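Have a look at the structure below, then the notes.
Protein chains: 2
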Amino acid sequence: MQELINKALNGNVRSIARIISIVENESQFTEEIMKTMYPHSGNAHIIGVTGSPGAGKSTLVDKLIESSKADGKNVGVIAVDPTSPFSGGAILADRIRMQRHAVDPAVYIRSMGTRGSLGGLSRSTYEAALILDACGKDVVFIETVGVGQSEVDIMKIADTVCLALVPGMGDDIQIMKAGIMEIADILVINKSDRDGSEKIVAEVQTMLDLLKGKNWVPPVLKTVAEKGTGVKELSNKILCHKEFLQTDPEGRNRKLRQLTVEIEAILQRELAKLTEHQWGQHKDEQLMEKLLNRETDPYTVAGKILEDTLLNTPTRD
Amino acid sequence: MQELINKALNGNVRSIARIISIVENESQFTEEIMKTMYPHSGNAHIIGVTGSPGAGKSTLVDKLIESSKADGKNVGVIAVDPTSPFSGGAILADRIRMQRHAVDPAVYIRSMGTRGSLGGLSRSTYEAALILDACGKDVVFIETVGVGQSEVDIMKIADTVCLALVPGMGDDIQIMKAGIMEIADILVINKSDRDGSEKIVAEVQTMLDLLKGKNWVPPVLKTVAEKGTGVKELSNKILCHKEFLQTDPEGRNRKLRQLTVEIEAILQRELAKLTEHQWGQHKDEQLMEKLLNRETDPYTVAGKILEDTLLNTPTRD
């Protein structure tokens, strides 16, 4: 294992891919891998790209990869797909185009699933980003399809979050925007050659007025990613935001918030394992029958399991 | 407290409202309330209505309330709004119309927030549904705005899940559908007087073909809720599904799955409280500084907190 980790840390692409797969499968080696990787991480600029469905996020990322490569950067990409046990995983047409970069040794692209069909980013997405960072990528893009919790989760790992919107969406979508607006560092109105582009810019600006006085007020940029229009400006703004984080106290605060969330997430996973185990010990037909007949209740059962978890879990002392 | 609970159990609307508020604020009384309520629950038919943004879910629920009232049913409604700290909570225009039922003593309508801006259903949504059930509602509708995890969570509590779709949505939305299709007991193509209605019915049918051979294959219904078209048929199908659950082993299995999820959720909440406390004890500037400098890592820190939680939490023994 240590040899594989070392190869990955030296930038060997096949080793990186294997390491990510091992972590993705939640193997017993995950903790060892992550503990070894961690001291080497912290150098990459992690850029989240999220937004409404149909906003052209993949095309934007495709153009941003081009731009990063032109600057001589070593690029990692994590493309997050919603996992559906029903459809057996969806393939997004736009993603196929992005794959043209995959033959380039300076670009590593990885598709990953979400936590359940509409769930947030899985732990392994965080871990894969950290691994790519530790293994020498200068820039890591994380693209999430904008359907739910994954949009919120992106701010738990990215240094810079780009939120892509498009002109001509319905009212419910506007509400969705209101929810995710607060996570954006940069707002991108893509497909801005469409009707309604000025309207959405104005709406977004009105919302952003509420942020006035903050050290960083998200800029609003218009792009037409398909034609490459506005992509250079977007790349520049992303770099501006990176510099902002390096010089403003907000950069440090953001890192502190992310660390807190990170530790809580690891705790949650470990606790889930413990309770699952204890619940497995308690769960039998008799108990379930009593629950179904309402002779006992979930609160009483959970209380008992909790007590047993705390009493019976062996510790390392 | 016991007096208030008794009044609520006897159907007093103001007491029910107060009890739900107490539970929503996660007070010390939550456990007592829920333990008292639990044996009285299990009689209501809990119906989830979810679906894509703009699918007309509120209008559908509004018509279904009418239909239930006409059958002499005592109705509870929980309307779940995405909570946004940024916009300070969104008001949905459609919801206002539904409020016309609120003056009717046989209908109780309650708005509740989600867990964070795009998160899943909060624990208190489950608890409110159970309270309405225990307090004598025959039917409880839970309407979720279809933006994320709350769509998935609805199947953890509802007996019958109606998924509303509309003709003429983009490709990304179709993928979203693929993810949520598996949670639906009944598929409703609303606004079916629009162009593309046959196309979406065909698409949905193709997906449903994968479920062939199951004891319940979700029916696909066309409605125009605004005009009331197809609402009677939908009400009937909902009753059919209720009967199915009462006679088929799947009904019992579903309840068992929901109980398991319920107990796990309570355990998670209680454990989160414990680790939060321990994390609060550990978290100091020195530790955060070491994390920022990568002298330690989140995995090591989480391991230490977990150990201390298990060692130092007093149990009732």
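Protein chains in written order, with our numbering: chain A, 1053 to 1369; chain D, 1053 to 1369.
Just so you know, even glycine gets a beta-carbon here, dropped at the ideal spot from N, CA and C.
Here the structure is a predicted model, which is why all the values come from computation and not from measurement.
Run down chain A in chain order and give the residues with a C-beta less than 8 Å from the C-beta of residue i.
i, result
"E1295 of chain D", "Within 8 Å Cβ-Cβ: nothing; E1295 of chain D doesn't reach chain A, min ~19 Å."
"M1340 of chain D", "L1308 and L1311"
"G1094 of chain D", "R1346"
"A1122 of chain D", "Ordered by position in chain A, no residue passes the 8 Å Cβ test against A1122 of chain D, which lies about 29 Å from the chain."
State the Cα-Cα distance for the pair residue i and residue j, rounded to the nearest angstrom.
i, j, result
"Q1338 of chain A", "L1263 of chain A", "56 Å"
"E1278 of chain A", "T1111 of chain D", "38 Å"
"S1093 of chain D", "R1304 of chain D", "16 Å"
"L1297 of chain D", "T1212 of chain D", "9 Å"
"G1140 of chain A", "G1165 of chain A", "Below a pLDDT of 50, predicted positions are generally treated as unreliable, and G1140 of chain A, at 35, falls in that range; the measurement from the model is reported next regardless. The alpha-carbon atoms of G1140 of chain A and G1165 of chain A are separated by roughly 11 Å."
"I1071 of chain D", "G1355 of chain A", "22 Å"
"L1375 of chain D", "T1275 of chain A", "Residue 1375 of chain D is absent from the structure shown; chain D starts at 1053 and stops at 1369."
"A1210 of chain D", "E1195 of chain D", "11 Å"
"V1191 of chain D", "I1117 of chain D", "9 Å"
"Y1351 of chain D", "Q1333 of chain D", "17 Å"
"N1064 of chain A", "Q1080 of chain A", "22 Å"
"E1316 of chain D", "T1327 of chain A", "8 Å"
"K1125 of chain A", "S1119 of chain A", "9 Å"
"S1067 of chain A", "S1073 of chain A", "10 Å"
"G1280 of chain D", "V1272 of chain D", "17 Å"
"A1122 of chain A", "E1322 of chain A", "42 Å"
"E1255 of chain A", "K1243 of chain A", "16 Å"
"R1309 of chain D", "P1301 of chain D", "12 Å"
"D1245 of chain A", "V1283 of chain A", "14 Å"
"E1076 of chain D", "V1101 of chain D", "21 Å"
"L1343 of chain D", "K1266 of chain D", "52 Å"
"K1325 of chain A", "K1059 of chain D", "40 Å"
"E1359 of chain A", "V1353 of chain A", "10 Å"
"E1250 of chain D", "S1163 of chain D", "34 Å"
"E1078 of chain D", "D1185 of chain A", "40 Å"
"S1174 of chain D", "K1109 of chain D", "20 Å"
"L1170 of chain A", "T1258 of chain D", "Confidence at L1170 of chain A is low in this model, with a pLDDT of 46, below 50, so its placement is unreliable and the value that follows should be read with caution. Distance between the alpha carbons of L1170 of chain A and T1258 of chain D: 21 Å."
"G1248 of chain A", "N1288 of chain A", "25 Å"
Considering Cα atoms alone, identify which of the options is closest to residue i.
i, options, result
"D1205 of chain A", "A:H1329, A:L1308, A:S1163 and A:E1314", "A:E1314"
"N1345 of chain D", "A:L1311, A:D1336, A:G1124 and A:L1323", "A:L1311"
"E1347 of chain A", "D:N1062, D:M1053 and D:K1087", "D:K1087"
"I1290 of chain D", "D:I1098, D:A1069 and D:Q1054", "D:I1098"
"L1319 of chain A", "D:D1336, D:I1357 and D:L1319", "D:I1357"
"K1294 of chain D", "D:A1324, D:D1237 and D:D1349", "D:D1237"
"S1176 of chain A", "A:D1247, A:A1069 and A:K1109", "A:A1069"
"K1307 of chain D", "A:D1247, A:K1307, A:L1184 and A:M1340", "A:M1340"
Identify the continuous alpha helix (DSSP H) that holds residue i and give its terminal residues.
i, result
"R1397 of chain A", "In the structure displayed, chain A extends from 1053 to 1369; residue 1397 of chain A sits before or after that span and is not available."
"T1281 of chain D", "Run containing T1281 of chain D: none; DSSP gives neither H nor E here."
"A1329 of chain D", "In the sequence under discussion, the amino acid at residue 1329 of chain D is His, which differs from the Ala named in the question. P1301 to H1334 is the extent of the alpha helix (DSSP H) around H1329 of chain D."
"K1109 of chain A", "K1109 to A1122"
"E1084 of chain A", "T1082 to M1089"
"A1216 of chain D", "Looking at the DSSP string, A1216 of chain D is not in any alpha helix (DSSP H); the run it does join, the beta strand (DSSP E), is T1212 to L1217."
So which residues on chain A does residue i lean against when the C-beta distance must stay under 9 Å?
i, result
"W1331 of chain D", "T1312, I1315, E1316 and L1319"
"A1324 of chain D", "E1316, L1319, Q1320 and L1323"
Along chain D, which residues have their Cβ under 9 Å away from the Cβ of residue i?
i, result
"P1219 of chain A", "Ordered by position in chain D, no residue passes the 9 Å Cβ test against P1219 of chain A, which lies about 13 Å from the chain."
Would you grab the beta carbon distance between residue i and residue j for me? Rounded to a whole angstrom, and I think it's under 8 Å.
i, j, result
"L1260 of chain D", "V1269 of chain D", "6 Å"
"L1215 of chain D", "G1103 of chain D", "5 Å"
"V1129 of chain D", "Y1178 of chain D", "That pair is no contact at about 15 Å."
"L1182 of chain D", "L1217 of chain D", "Incorrect: roughly 29 Å between the Cβ atoms, too far for contact."
"A1158 of chain D", "V1127 of chain D", "6 Å"
"A1096 of chain A", "K1208 of chain A", "Not really, about 16 Å apart at Cβ, beyond 8 Å."
"L1056 of chain D", "C1187 of chain D", "Their Cβ separation, rounded to whole angstroms, is 12 Å, which puts L1056 of chain D and C1187 of chain D out of contact at 8 Å."
"Q1330 of chain A", "T1361 of chain A", "5 Å"
"V1132 of chain A", "F1193 of chain A", "Contact flag wrong, Cβ pair sits at about 11 Å."
"P1219 of chain D", "I1241 of chain D", "7 Å"
"E1084 of chain D", "M1053 of chain D", "6 Å"
"Y1090 of chain A", "D1349 of chain D", "4 Å"
Run through chain E and tell me which residues come within less than 7 Å of residue i, C-beta to C-beta.
i, result
"K1087 of chain D", "The chain inventory of the structure shown lacks chain E, comprising the protein chains A and D."
Taking the continuous beta strand (DSSP E) assigned at residue i, which residues delimit it?
i, result
"V1129 of chain D", "V1127 to D1133"
"S1163 of chain A", "V1159 to G1165"
"T1348 of chain D", "First-last for T1348 of chain D: undefined, no H or E at that position."
"I1057 of chain A", "Looking at the DSSP string, I1057 of chain A is not in any beta strand (DSSP E); the run it does join, the alpha helix (DSSP H), is Q1054 to L1061."
Using the beta-carbon of each residue, which ones in chain A are nearer than 7 Å to residue i?
i, result
"E1083 of chain D", "Y1351"
"T1327 of chain D", "L1319 and L1323"
Please compile the residues from chain D whose C-beta is within a distance smaller than 7 Å of the C-beta of residue i.
i, result
"I1130 of chain A", "Going along chain D, no residue has its Cβ under 7 Å from I1130 of chain A, so there is no contact; the nearest lies around 18 Å."
"L1343 of chain A", "L1311"
"P1091 of chain A", "R1346"
Please compile the residues from chain D whose C-beta is within a distance smaller than 8 Å of the C-beta of residue i.
i, result
"L1358 of chain A", "L1319, E1322 and L1323"
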